[in-house]
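Peer 1: I have a structure I would like to understand better, so I am pasting it below and will then ask my questions one at a time.
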DNA sequence: TGTCTATAGTTGAGTACGCAACCAATGGTA
DNA sequence: TACCATTGGTTGCGTACTCAACTATAGACA
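Residue numbers (this note's numbering), protein chains in the order written: chain A, 192 to 332; chain B, 192 to 332.
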């Protein structure tokens, strides 16, 4: 049967069935795990995930409800709040990332060789939406 | 102001404001315009746009309501119906493509040179979801 | 001090999809 | 001929997002 899509859908459903995460859930946990102190201003996280402020609010709503992320106030600026990865969140990420990044590698590896993957990553990295300079510094005050 | 996303959102809103089309609307018109007889089986169009059958039904609903695409029955197989680009659809595509493909070029051109764009297209073309062999032959019976 | 603009974030309403369940037609095969 | 698996397509329902409008804080400047 000629599958409708392939990969992206498969990745999504696998991640969802195995760990109850959407792709963006996963991405959010992943990005947070790399951030200084494992936390980020919501607005920076939004930019990093290419979401609007409301998108981030809803995404974090779910992750907070699941106890994977905590909302932490900033004492120097009452407007901002941080998304802080919890221990449970880090564990969930660990559990999911094994299978997920494996799947990713497989998907790309099926069609591209090592060198091509690197070249692709390089080119995509130059495009906006990818982490531009300032997206890399999550917590500043 | 540090924009939330950038390009994709901008492309979408520009296309929407100027011509009342979503990105997928545009893509559908574009793909149809290249197809033999400017028509395609709905299921093939779905695969090409990486949409589910229900997704295609809803997408074409809108385009049909706008008179840009017509639903044409197949006389050899009563199950299938074609999406047929109308004259109005072709005109709309013309009107939109000028600005849109210009914008696209600009977006990529701002960050990549000619050679890099070509390399990127080449690499992406190898990934699934891009037009695999059979996605190129729209109407067959 | 009051005012004005910019920024962080939430909320309500609308939308573009996916999934599951379904119906109809097709093409075997007995 | 009757049956059955496969394929094309639609519909109901849920969801992840966007946009627009809003509140609240911050910082600049009179």
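Positions of the beta carbon are idealized from the N, C-alpha and C atoms, including for glycine.
Closer than 7 Å, CB to CB, is residue 232 of chain B near chain A or not?
Peer 2: Not one chain A Cβ lies under 7 Å of residue 232 of chain B.
Peer 1: Does DSSP put residue 298 of chain A in a helix, a strand or coil?
Peer 2: Residue state, collapsed to three classes: helix.
Peer 1: Going straight from the alpha carbon of residue 214 of chain A to that of residue 233 of chain A, what length do you get?
Peer 2: Answer to the nearest angstrom: the Cα atoms are 18 Å apart.
Peer 1: Tell me where the alpha helix (DSSP H) around residue 241 of chain B begins and ends.
Peer 2: Counting along the chain, residue 241 of chain B falls outside any alpha helix (DSSP H), and DSSP gives it neither H nor E.
Peer 1: Taking residue 231 of chain A as the reference, which of A:243, A:278, A:260 and A:253 has the closest Cα?
Peer 2: That would be A:260, whose Cα lies nearest to the Cα of residue 231 of chain A.
Peer 1: With DSSP as the reference, label residue 226 of chain B as helix, strand or coil.
Peer 2: Three-state DSSP puts residue 226 of chain B in coil, outside helix and strand.
Peer 1: Starting from residue 264 of chain A, trace the beta strand (DSSP E) both ways and give me its first and last residue.
Peer 2: That run of the beta strand (DSSP E) goes 260 to 264.
Peer 1: Starting from residue 257 of chain A, trace the beta strand (DSSP E) in both directions and tell me its first and last residue.
Peer 2: Where residue 257 of chain A is concerned, there is no enclosing beta strand (DSSP E), given that its DSSP letter is neither H nor E.
Peer 1: Would you mind stating whether residue 279 of chain A and residue 272 of chain A have Cβ atoms separated by less than 7 Å?
Peer 2: No, these two residues do not count as a Cβ contact at 7 Å.
Peer 1: Just to confirm the assignment, what range does the alpha helix (DSSP H) spanning residue 276 of chain B have?
Peer 2: Here residue 276 of chain B belongs to no alpha helix (DSSP H); instead the beta strand (DSSP E) covers 272 to 276.
Peer 1: Measuring only the C-alpha atoms, how far is residue 328 of chain B from residue 285 of chain B?
Peer 2: Only weak support exists for where residue 328 of chain B lies, its pLDDT of 34 falling under 50; the value from the coordinates is given anyway. About 23 Å.
Peer 1: May I have the straight-line CA-CA distance separating residue 208 of chain B from residue 238 of chain A, to the nearest angstrom?
Peer 2: The alpha-carbon atoms of residue 208 of chain B and residue 238 of chain A are separated by roughly 23 Å.
Peer 1: Give the interface partners of residue 307 of chain A over in chain B, defined as CB-CB distance under 8 Å, in chain order.
Peer 2: Neighbours of residue 307 of chain A on chain B, chain order: 314 and 317.
Peer 1: Residue 193 of chain B to residue 262 of chain B, Cα distance in whole Å?
Peer 2: Its pLDDT being 40, under 50, residue 193 of chain B is placed unreliably by the model, and the measurement read from it follows with that caveat. Their Cα atoms are separated by approximately 44 Å.
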